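Working notes for the structure below.
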Amino acid sequence: MSATPSIPRRIVIGMHSTMPEAAACAIAIAGWLQDRGMLAVHGTLDDTTLLGRIKNGDFDLFVAVGGDGTMLRSAHLCAPMGLPILGVNLGRLGFLIQVGREEWQAAFDKLLNGEYWIENRMMIRAEHKRAGKSLGTWHALNEVVVSRGASVHPVHVSASVDGMLLTTYVADGLIAATPTGSTAYALAAGGPILPPELRNILLVPIAPHLSVDRAVVLSEGSSVRIDVRDGSDAVLSVDGQNPVGLADNDQVEIRAGDYAARFVRFGDPGYFYRNLTGHMNQNPSIGLPR
(Lines of atoms letter the chains of each structure in order from A and count residues from 1; the text may use other names and numbers.)
(Lines give C-alpha, C1' and ligand atoms only; values in the text may rest on other atoms or scores of the structure.)
Protein backbone atom coordinates (compact mmCIF):
# COMPACT_ATOMS: atom_id res chain seq x y z
CA MET A 1 0.00 0.00 0.00
CA SER A 2 1.32 3.45 -0.91
CA ALA A 3 0.31 6.97 0.05
CA THR A 4 -2.67 8.48 -1.74
CA PRO A 5 -1.44 10.09 -4.98
CA SER A 6 -2.83 13.23 -6.55
CA ILE A 7 -6.22 13.20 -8.23
CA PRO A 8 -5.84 12.02 -11.84
CA ARG A 9 -6.80 14.48 -14.58
CA ARG A 10 -5.85 12.61 -17.78
CA ILE A 11 -7.72 9.31 -17.92
CA VAL A 12 -7.79 6.59 -20.56
CA ILE A 13 -10.45 3.89 -20.61
CA GLY A 14 -9.34 0.60 -22.18
CA MET A 15 -11.99 -1.97 -22.93
CA HIS A 16 -12.28 -5.60 -23.90
CA SER A 17 -12.59 -5.65 -27.68
CA THR A 18 -15.05 -8.57 -27.94
CA MET A 19 -17.30 -7.81 -24.96
CA PRO A 20 -20.35 -5.94 -26.35
CA GLU A 21 -21.29 -4.19 -23.12
CA ALA A 22 -17.72 -2.94 -22.59
CA ALA A 23 -18.03 -0.26 -25.30
CA ALA A 24 -21.21 1.18 -23.81
CA CYS A 25 -19.69 1.20 -20.32
CA ALA A 26 -16.47 2.86 -21.53
CA ILE A 27 -18.41 5.58 -23.37
CA ALA A 28 -20.54 6.24 -20.27
CA ILE A 29 -17.47 6.52 -18.04
CA ALA A 30 -15.70 8.86 -20.47
CA GLY A 31 -18.74 11.11 -20.72
CA TRP A 32 -19.18 11.19 -16.94
CA LEU A 33 -15.53 12.19 -16.46
CA GLN A 34 -15.62 14.81 -19.21
CA ASP A 35 -18.66 16.41 -17.61
CA ARG A 36 -16.49 16.90 -14.53
CA GLY A 37 -13.67 18.57 -16.39
CA MET A 38 -11.40 15.57 -16.87
CA LEU A 39 -9.58 14.65 -20.06
CA ALA A 40 -11.01 11.20 -20.83
CA VAL A 41 -10.57 9.07 -23.94
CA HIS A 42 -11.51 5.46 -24.63
CA GLY A 43 -10.63 2.63 -26.98
CA THR A 44 -9.97 -1.08 -27.17
CA LEU A 45 -6.79 -2.78 -26.03
CA ASP A 46 -6.10 -3.47 -29.70
CA ASP A 47 -6.14 0.23 -30.66
CA THR A 48 -2.52 0.88 -31.67
CA THR A 49 -2.90 4.67 -31.58
CA LEU A 50 -4.24 4.54 -28.04
CA LEU A 51 -1.52 2.11 -26.96
CA GLY A 52 1.10 4.46 -28.37
CA ARG A 53 -0.28 7.37 -26.36
CA ILE A 54 -0.20 5.27 -23.19
CA LYS A 55 3.44 4.34 -23.80
CA ASN A 56 4.22 8.01 -24.43
CA GLY A 57 2.96 8.88 -20.94
CA ASP A 58 -0.08 10.90 -22.04
CA PHE A 59 -2.27 9.70 -19.13
CA ASP A 60 -2.12 9.41 -15.34
CA LEU A 61 -4.83 6.74 -14.87
CA PHE A 62 -5.92 3.69 -16.87
CA VAL A 63 -9.46 2.38 -16.44
CA ALA A 64 -9.79 -1.26 -17.52
CA VAL A 65 -13.33 -2.26 -18.48
CA GLY A 66 -13.78 -6.03 -18.75
CA GLY A 67 -12.77 -9.01 -16.63
CA ASP A 68 -9.62 -10.47 -15.14
CA GLY A 69 -8.19 -11.12 -18.62
CA THR A 70 -8.54 -7.43 -19.43
CA MET A 71 -6.79 -6.59 -16.17
CA LEU A 72 -3.88 -8.89 -17.05
CA ARG A 73 -3.43 -7.25 -20.45
CA SER A 74 -3.72 -3.82 -18.83
CA ALA A 75 -1.05 -4.70 -16.26
CA HIS A 76 1.36 -5.82 -19.01
CA LEU A 77 0.77 -2.51 -20.77
CA CYS A 78 0.76 -0.10 -17.82
CA ALA A 79 3.22 -1.56 -15.30
CA PRO A 80 6.39 -0.54 -17.20
CA MET A 81 5.23 3.10 -17.08
CA GLY A 82 4.01 2.95 -13.48
CA LEU A 83 0.51 3.87 -14.70
CA PRO A 84 -2.17 3.04 -12.08
CA ILE A 85 -5.10 0.84 -13.14
CA LEU A 86 -8.70 1.00 -11.96
CA GLY A 87 -10.74 -2.03 -13.01
CA VAL A 88 -14.48 -2.08 -13.70
CA ASN A 89 -15.69 -5.65 -13.71
CA LEU A 90 -17.92 -6.87 -16.53
CA GLY A 91 -16.69 -10.46 -16.26
CA ARG A 92 -17.66 -13.32 -13.98
CA LEU A 93 -14.99 -13.64 -11.29
CA GLY A 94 -13.06 -10.40 -10.99
CA PHE A 95 -10.37 -11.53 -8.54
CA LEU A 96 -8.30 -8.52 -9.62
CA ILE A 97 -11.14 -6.00 -9.72
CA GLN A 98 -12.81 -4.22 -6.83
CA VAL A 99 -15.47 -2.19 -8.69
CA GLY A 100 -18.59 -3.86 -10.13
CA ARG A 101 -20.47 -2.73 -13.23
CA GLU A 102 -23.17 -1.03 -11.17
CA GLU A 103 -20.74 0.68 -8.80
CA TRP A 104 -18.45 2.70 -11.03
CA GLN A 105 -20.08 6.10 -10.49
CA ALA A 106 -19.73 5.82 -6.70
CA ALA A 107 -16.14 4.63 -7.14
CA PHE A 108 -15.25 7.57 -9.39
CA ASP A 109 -16.81 10.00 -6.90
CA LYS A 110 -14.37 8.64 -4.31
CA LEU A 111 -11.52 8.78 -6.82
CA LEU A 112 -12.08 12.46 -7.58
CA ASN A 113 -12.31 13.19 -3.85
CA GLY A 114 -8.94 11.52 -3.27
CA GLU A 115 -10.50 8.70 -1.24
CA TYR A 116 -8.37 5.91 -2.64
CA TRP A 117 -4.95 4.30 -2.36
CA ILE A 118 -2.55 2.47 -4.64
CA GLU A 119 -1.85 -1.23 -4.20
CA ASN A 120 1.46 -2.44 -5.64
CA ARG A 121 1.42 -6.02 -6.88
CA MET A 122 4.61 -7.92 -7.60
CA MET A 123 5.26 -9.13 -11.12
CA ILE A 124 7.85 -11.75 -12.05
CA ARG A 125 10.33 -11.74 -14.89
CA ALA A 126 10.98 -14.89 -16.92
CA GLU A 127 13.87 -15.42 -19.32
CA HIS A 128 14.09 -18.35 -21.74
CA LYS A 129 17.65 -19.54 -22.38
CA ARG A 130 19.11 -22.17 -24.70
CA ALA A 131 22.81 -23.05 -24.61
CA GLY A 132 23.47 -19.84 -22.68
CA LYS A 133 21.69 -17.62 -25.22
CA SER A 134 18.62 -15.61 -24.26
CA LEU A 135 15.64 -16.33 -26.52
CA GLY A 136 13.14 -14.01 -24.87
CA THR A 137 12.01 -12.26 -21.69
CA TRP A 138 8.54 -11.63 -20.30
CA HIS A 139 6.85 -10.18 -17.24
CA ALA A 140 3.91 -11.95 -15.60
CA LEU A 141 1.33 -10.75 -13.10
CA ASN A 142 -0.10 -14.22 -12.44
CA GLU A 143 2.28 -17.01 -13.38
CA VAL A 144 4.95 -18.57 -15.54
CA VAL A 145 4.26 -22.20 -16.46
CA VAL A 146 6.51 -24.87 -17.91
CA SER A 147 4.29 -27.77 -18.94
CA ARG A 148 3.61 -30.51 -21.45
CA GLY A 149 2.10 -29.40 -24.72
CA ALA A 150 -0.14 -31.64 -26.80
CA SER A 151 1.55 -34.83 -25.60
CA VAL A 152 0.00 -36.87 -22.80
CA HIS A 153 3.46 -37.67 -21.45
CA PRO A 154 4.70 -35.74 -18.39
CA VAL A 155 7.71 -33.49 -18.51
CA HIS A 156 10.87 -33.97 -16.46
CA VAL A 157 12.07 -30.66 -15.03
CA SER A 158 14.33 -29.64 -12.19
CA ALA A 159 13.93 -26.53 -10.07
CA SER A 160 16.89 -24.70 -8.53
CA VAL A 161 16.47 -21.90 -6.01
CA ASP A 162 19.23 -19.30 -5.82
CA GLY A 163 21.53 -21.68 -7.69
CA MET A 164 20.89 -24.70 -5.43
CA LEU A 165 18.89 -27.70 -6.66
CA LEU A 166 15.51 -27.91 -4.94
CA THR A 167 14.04 -31.02 -6.56
CA THR A 168 13.20 -32.71 -9.85
CA TYR A 169 9.61 -33.11 -10.96
CA VAL A 170 7.94 -35.63 -13.23
CA ALA A 171 4.64 -33.88 -13.79
CA ASP A 172 2.26 -32.26 -16.23
CA GLY A 173 4.08 -29.04 -15.45
CA LEU A 174 5.43 -26.61 -12.89
CA ILE A 175 3.89 -23.25 -12.03
CA ALA A 176 5.92 -20.31 -10.74
CA ALA A 177 3.28 -17.87 -9.47
CA THR A 178 3.13 -14.45 -7.86
CA PRO A 179 0.93 -13.86 -4.81
CA THR A 180 -1.61 -12.44 -7.26
CA GLY A 181 -1.39 -15.66 -9.27
CA SER A 182 -1.95 -17.76 -6.16
CA THR A 183 -5.70 -17.35 -6.78
CA ALA A 184 -5.40 -18.34 -10.46
CA TYR A 185 -3.88 -21.49 -12.03
CA ALA A 186 -1.80 -22.18 -8.91
CA LEU A 187 -4.98 -22.39 -6.82
CA ALA A 188 -6.55 -24.85 -9.27
CA ALA A 189 -3.40 -26.99 -8.98
CA GLY A 190 -3.73 -27.16 -5.20
CA GLY A 191 -1.52 -24.28 -4.11
CA PRO A 192 -2.13 -21.97 -1.14
CA ILE A 193 -3.61 -18.48 -1.32
CA LEU A 194 -1.04 -15.79 -0.53
CA PRO A 195 -1.82 -12.22 0.54
CA PRO A 196 -1.42 -9.96 -2.51
CA GLU A 197 1.06 -7.60 -0.86
CA LEU A 198 3.73 -10.29 -0.47
CA ARG A 199 6.77 -10.49 -2.76
CA ASN A 200 7.35 -14.24 -2.76
CA ILE A 201 7.42 -16.67 -5.67
CA LEU A 202 5.19 -19.74 -5.29
CA LEU A 203 6.13 -23.07 -6.93
CA VAL A 204 3.28 -25.49 -7.58
CA PRO A 205 3.64 -28.80 -9.49
CA ILE A 206 0.80 -29.85 -11.80
CA ALA A 207 -0.27 -33.49 -11.39
CA PRO A 208 3.15 -34.70 -10.15
CA HIS A 209 3.97 -38.40 -10.51
CA LEU A 210 6.25 -39.90 -7.83
CA SER A 211 7.56 -36.38 -7.18
CA VAL A 212 7.26 -33.75 -4.48
CA ASP A 213 3.57 -32.92 -4.57
CA ARG A 214 3.50 -29.90 -2.26
CA ALA A 215 3.71 -26.24 -3.13
CA VAL A 216 6.82 -24.34 -2.03
CA VAL A 217 6.83 -20.65 -1.09
CA LEU A 218 10.23 -19.12 -1.75
CA SER A 219 11.79 -16.46 0.44
CA GLU A 220 11.35 -12.87 -0.71
CA GLY A 221 14.08 -12.03 -3.20
CA SER A 222 14.79 -15.63 -4.18
CA SER A 223 15.01 -16.63 -7.83
CA VAL A 224 14.23 -19.98 -9.44
CA ARG A 225 15.62 -21.72 -12.52
CA ILE A 226 13.62 -24.43 -14.25
CA ASP A 227 15.70 -26.84 -16.35
CA VAL A 228 13.97 -29.02 -18.92
CA ARG A 229 15.45 -32.51 -18.57
CA ASP A 230 13.11 -34.47 -20.82
CA GLY A 231 10.59 -32.11 -22.31
CA SER A 232 9.15 -34.03 -25.26
CA ASP A 233 6.96 -31.17 -26.48
CA ALA A 234 7.28 -28.97 -23.35
CA VAL A 235 6.08 -25.38 -23.62
CA LEU A 236 6.48 -22.12 -21.73
CA SER A 237 3.39 -20.01 -21.06
CA VAL A 238 3.33 -16.58 -19.42
CA ASP A 239 0.00 -15.37 -18.02
CA GLY A 240 -1.85 -17.67 -20.43
CA GLN A 241 -0.35 -16.09 -23.55
CA ASN A 242 0.54 -18.14 -26.62
CA PRO A 243 2.94 -20.93 -25.56
CA VAL A 244 6.60 -20.98 -26.57
CA GLY A 245 8.17 -24.32 -27.46
CA LEU A 246 10.96 -25.65 -25.25
CA ALA A 247 13.72 -28.15 -26.01
CA ASP A 248 15.68 -30.50 -23.76
CA ASN A 249 18.22 -28.62 -21.63
CA ASP A 250 16.44 -25.29 -22.08
CA GLN A 251 16.28 -23.11 -19.00
CA VAL A 252 13.65 -20.70 -17.71
CA GLU A 253 15.02 -18.24 -15.15
CA ILE A 254 12.45 -16.49 -12.96
CA ARG A 255 12.90 -13.66 -10.48
CA ALA A 256 11.05 -10.65 -9.13
CA GLY A 257 10.10 -8.28 -11.92
CA ASP A 258 11.63 -4.96 -12.81
CA TYR A 259 8.36 -3.19 -12.00
CA ALA A 260 5.04 -3.75 -10.23
CA ALA A 261 1.42 -3.50 -11.31
CA ARG A 262 -0.32 -0.59 -9.58
CA PHE A 263 -4.04 -0.93 -8.81
CA VAL A 264 -6.42 1.74 -7.52
CA ARG A 265 -8.18 0.50 -4.38
CA PHE A 266 -10.93 1.86 -2.16
CA GLY A 267 -11.46 1.32 1.56
CA ASP A 268 -9.02 -0.56 3.78
CA PRO A 269 -6.62 -3.33 2.65
CA GLY A 270 -8.85 -5.97 4.21
CA TYR A 271 -10.99 -5.90 1.05
CA PHE A 272 -9.05 -8.93 -0.26
CA TYR A 273 -10.16 -11.20 2.59
CA ARG A 274 -13.72 -9.88 2.68
CA ASN A 275 -14.16 -10.68 -1.01
CA LEU A 276 -12.29 -13.98 -1.02
CA THR A 277 -15.13 -16.32 -0.04
CA GLY A 278 -17.51 -14.64 -2.46
CA HIS A 279 -15.07 -15.13 -5.32
CA MET A 280 -14.46 -18.76 -4.39
CA ASN A 281 -18.20 -19.45 -4.60
CA GLN A 282 -18.50 -18.00 -8.12
CA ASN A 283 -17.37 -21.05 -10.07
CA PRO A 284 -19.05 -20.28 -13.42
CA SER A 285 -19.88 -23.94 -13.97
CA ILE A 286 -21.99 -24.21 -10.82
CA GLY A 287 -25.66 -24.29 -11.67
CA LEU A 288 -25.16 -24.73 -15.42
CA PRO A 289 -27.14 -27.47 -17.20
CA ARG A 290 -25.30 -30.75 -17.35
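First residue of the sequence shown? That's 1 in this note's numbering, and the numbers climb one at a time after it. From the three backbone atoms N, C-alpha and C, an ideal C-beta is built for every residue, glycine too. In this text the structure is predicted, and so the values were computed from the model without any measurement.
Report the rounded CA-to-CA distance for residue i versus residue j, giving the unit in angstroms.
i	j	result
residue 178	residue 137	17 Å
residue 214	residue 8	44 Å
residue 50	residue 169	44 Å
residue 315	residue 109	Here the chain covers residues 1 to 290 and nothing more, so residue 315 does not appear.
residue 193	residue 273	11 Å
residue 271	residue 95	11 Å
residue 120	residue 268	14 Å
residue 224	residue 161	5 Å
residue 158	residue 175	12 Å
residue 171	residue 211	8 Å
residue 276	residue 190	16 Å
residue 134	residue 253	10 Å
residue 124	residue 173	18 Å
residue 24	residue 34	15 Å
residue 240	residue 117	29 Å
residue 153	residue 115	52 Å
residue 98	residue 206	29 Å
Mind checking who residue i pairs with in its DSSP beta bridge?
i	result
residue 19	Answer by DSSP bridge pairing: none, since residue 19 is not bridged.
residue 230	156
residue 117	265
residue 139	125
residue 206	173
residue 42	13
residue 212	Note: residue 212 sits in no beta bridge, so no partner.
residue 89	66, 100
Which residues in the same chain have their Cβ closer than 7 Å to the Cβ of residue i, if we skip the five residues on either side of it in sequence?
i	result
residue 57	81
residue 104	29, 88
residue 130	247, 250
residue 17	44, 45, 46
residue 183	95, 193
residue 27	42
residue 112	7, 36
Considering only C-alpha positions, which residue in the set the options is nearest to residue i?
i	options	result
residue 63	100, 20, 194, 149	100
residue 144	118, 219, 96, 203	203
residue 91	148, 70, 207, 208	70
residue 147	230, 159, 236, 181	236
residue 60	78, 73, 48, 67	78
residue 54	68, 21, 10, 26	10
residue 188	116, 142, 133	142
residue 128	24, 227, 240, 21	227
residue 66	151, 115, 22	22
residue 208	240, 167, 196, 233	167
Residues in the same chain with beta-carbon distance under 6 Å from residue i, minus the five sequence neighbours each way, listed in chain order, please.
i	result
residue 200	217, 218, 220
residue 41	12
residue 244	236
residue 149	233, 235
Can you find a CB in chain C that lies within less than 8 Å of the CB of residue i?
i	result
residue 147	In the displayed structure, chain C is absent; only one protein chain is listed.
Excluding the five sequence neighbours on either side, which residues of its own chain have a C-beta within less than 8 Å of the C-beta of residue i, listed in chain order?
i	result
residue 198	122, 179, 220
residue 76	139, 141, 239
Tell me whether residue i, by its Cβ, gets closer than 7 Å to a heavy atom of the ligand GTP.
i	result
residue 112	This structure lacks the ligand GTP, and indeed carries no ligand of any kind.
Per the contact definition of three or more C-beta pairs closer than 8 Å, is the segment 85-96 in contact with the segment 247-265? yes
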